[in-house]
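Asks: Count along the sequence shown starting at 1, add 3, and that's the number in my numbering.
Have a look at the structure that comes next, please.
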Amino acid sequence: MPSNFDMPTNFDMRSAVVATGLLLVLAGCGSSSPEPGPVFDNEGGAAITCMKHQPASPGARYTDPAMKNTAEVLNGLLRYYTANGRKPYCDRAPATEIDKQWARLYVTEGAARSQVAPILDS
Numbered sequence: 004m005p006s007n008f009d010m011p012t013n014f015d016m017r018s019a020v021v022a023t024g025l026l027l028v029l030a031g032c033g034s035s036s037p038e039p040g041p042v043f044d045n046e047g048g049a050a051i052t053c054m055k056h057q058p059a060s061p062g063a064r065y066t067d068p069a070m071k072n073t074a075e076v077l078n079g080l081l082r083y084y085t086a087n088g089r090k091p092y093c094d095r096a097p098a099t100e101i102d103k104q105w106a107r108l109y110v111t112e113g114a115a116r117s118q119v120a121p122i123l124d125s
């Protein structure tokens with residue numbers, strides 16, 4: 004008859020299964036995609052007379068080529084600044100650093116700097 008040292012116990016088998024599962028979960032966590040970040044607030048595409056400040060910086064959905072959604076960039080960011088980029092902010096305050104980040108992204112996407120010059124030059 005084998006000794007207890009030769010045969011794995013139920014506890015040993017369960018521990019091995021749990022440890023293997025934990026390693027698989029941890030391995031999967033290391034390769035996750037970055038958070039996409041905020042969506043550009045285009046004020047619902049409505050006709051506006053003044054702009055509101057963007058609440059958050061552009062995230063990976065705009066800066067990471069693997070996550071970039073062309074329709075979102077065109078229909079949100081580019082359309083908005085092409086129509087409104089020269090309008091004042093509703094609170095009459097200058098552009099924030101976050102606003103300038105979005106305006107720089109607009110230019111990086113190939114749009115005319117002149118459309119967002121009041122933002123970038125403030």
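Don't be surprised by glycine CBs; every beta carbon is placed ideally from N, CA and C.
Bear in mind that the values here come from a model prediction, so they are computed numbers and not experimental data.
1. Terminal residues of the continuous alpha helix (DSSP H) containing Q104?
2. Measure the C-alpha to C-alpha separation of Y109 and L80 and round it to an integer number of angstroms.
3. Rounded to a whole number of angstroms, what is the C-alpha to C-alpha distance between P39 and M70?
4. Could you check whether Q118 and T73 sit closer than 7 Å to each other, using their CB atoms as the reference points?
5. With a 10 Å radius around its C-beta and 16 neighbouring C-beta atoms as the bar for buried, classify D102 as buried or exposed.
Replies: Based on what the coordinates show:
1. Unbroken alpha helix (DSSP H) run through Q104: E100 to T111.
2. 7 Å
3. Looking at the backbone, the Cα of P39 and that of M70 are separated by about 7 Å.
4. no
5. buried
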